[in-house]
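Going by the working numbering, the first residue of the sequence shown is number 15, and it counts up by one from there.
Positions of the beta carbon are idealized from the N, C-alpha and C atoms, including for glycine.
See structure below.
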Amino acid sequence: MTDDKIDKRIPQPIRSDGAGALDLGPRNVLRDLQNPDLLVPPKTDAGIVPNLRFSFSDTSMILKHGGWSREITVRELPIATTLAGVNMSLTAGGVRELHWHKEAEWSYMILGRARITAVDQDGRNFIADVGPGDLWYFPPGIPHSIQGLEHCEFLLVFDSGDFSDLSTLSISDWFAHTPKEVLSANFGVTASTFDDRPKGQLYIYQSEVPGPLETQAVQSPNGKVPLPFKFEMLKQPPLEFSGGSVRIVDSTVFKISKTVAAALVEVKPGGMRELHWHPNNDEWQYYLTGKARMTVFLGDGTARTFDYMAGDVGYVPFATGHYIQNTGDETVWFLEMFKSDRFEDVSLAQWMALTPRQLVDSNVNISSAFTKNIRKEKEPVVSFPPYTYKPKNN
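Encoded structure:
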């Protein structure tokens, strides 16, 4: 085929140095457009790296009257062993029924408003309304519920990669699999009271929109839970940097969140989450807006670059070096999450700046003119005006 017959709008696996060749066979062009760094990997990519990206758009929806859900676990992203994620939406009045898990539940409210309830092991209760940017955390085994006050959507994160939201312990499912005479003995009512109990797990169902919070609250003789299950993340002042901002929420500020730590990261156009790694656990990411790319360095000459967009989940194995670079013209917002009680990271720049200069110069073979000016303070999100991202210049 001659060059004048080739559609220039269709990306080809050809690097700017001429490596590669035309792909004229069967292909999904839209997927290639979404993954430019897989189609034309940077020259620095090398070795065998497991898949570190999966999109919620590639998962199967669970559709119910009252809402929907979909999940990414080790079944979809095998490398992601520490955390699993569920994306859920509820209608106004839609209910994620009364249930509990063997795992802890951490959540980020994406849009709309909902009401959450819980009761702890000492009979202390909790009820609160949540809106965009709010978090909640329910420890393992604590029964709870979620109800939409309006159309709402949220991300649920669980501290086990092999979690499935359909394998939770639900009140409807328990009622359905308990003899009526046992329910009668437990609650002190006639067995016929339970003639119309659910035949199985409801999971999500449609109900009426509840009234104002003060009309729904139940007074417990044991009082309220001592540590709130809700945290208003967007009320926390962000840490501002040249390329964006960071909000960190772990057990130092959200006291009840003992097994999940998180950061909400903003990367402006032209900005980048600096080269770094995390010394405490794997990183599970959720992209809220924008387009980005991430290269993960696993050591022993191995690295791979992946592209991400809104609705994608990314994963970084424990202590491996990486960056997240905004590759679009809108701001990237994403969540970094860890199975840990605290957020920790190590900055490559800070490490170099706080190590004897001669040692650094000789190790990476660069001039002292560069190393003497490396920043000594962390700057998690950087932006340098002379730099622009050019995907074709690999």
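query	result
Range of the contiguous alpha helix (DSSP H) that encloses Arg-45	43-48
Spatial neighbours of Ser-74 in its chain, beta-carbon cut-off 8 Å, leaving aside the 5 residues before and after	Arg-84
Spatially closest choice to Glu-246 from Ile-124, Ala-106, Lys-392, Ser-381, by CA coordinates	Ile-124
Validate contact between the segment 315-333 and the segment 374-387 using beta carbons, cut 8 Å, 3 pairs	no
Start and end residues, alpha helix (DSSP H) containing Arg-307	Not the alpha helix (DSSP H): Arg-307 falls in the beta strand (DSSP E), residues 305-313.
For Ile-130, the three-state DSSP class (helix, strand or coil)	strand
Secondary structure of Asn-139, DSSP reduced to three states	strand
Residue span of the beta strand (DSSP E) that contains Met-123, given as start and end	119-125
Cβ neighbour criterion (16 or more within 10 Å) applied to Gly-304	buried
Neighbourhood of Ser-198 by C-beta distance below 8 Å, restricted to the same chain and skipping five residues each side	Thr-204, Ala-205, Thr-207, Phe-208
Straight-line Cα distance separating Asn-387 from Asp-179	50 Å
For Arg-356 and Thr-309, the rounded distance between their alpha carbons	24 Å
Of the listed residues Asn-200, Gly-162, Arg-89, Pro-251, nearest to Gly-175 (C-alpha basis)	Arg-89
Gln-233 to Ile-76 span [Cα, whole Å]	35 Å
Cβ contact (3+ pairs, closer than 8 Å) linking the segment 61-75 and the segment 26-39	no
Beta bridge counterpart(s) of Leu-278 as assigned by DSSP	Arg-261, Leu-349
Whole-angstrom distance between Ala-276 and Leu-349, CA atom to CA atom	7 Å
Met-247 (DSSP reduced to helix, strand or coil)	helix
Burial state of Val-171, where buried means 16 or more other Cβ atoms lie within 10 Å	buried
Stretch pair the segment 327-340 + the segment 365-373: three plus CB contacts closer than 8 Å	no
Residue ranges of each beta strand (DSSP E) within the segment 53-86, 3 or longer	67-69, 76-78, 81-86
Cβ shell of Leu-169 (< 7 Å), same chain only, five flanking positions each side left out	Gly-99, Asn-101, Ser-121, Tyr-122, Ile-124, Tyr-300
Helix, strand or coil at Leu-180 [DSSP, three-state]	helix
Proximity winner among Met-351, Gly-257, Val-346, relative to Pro-419 (alpha-carbon distances)	Residue 419 cannot be examined here, being either before or after the span of the chain that is shown, 15 to 408.
Span separating the alpha-carbon of Val-196 from that of Gly-137	23 Å
Delimiting residues of the alpha helix (DSSP H) encompassing Leu-197	194-201
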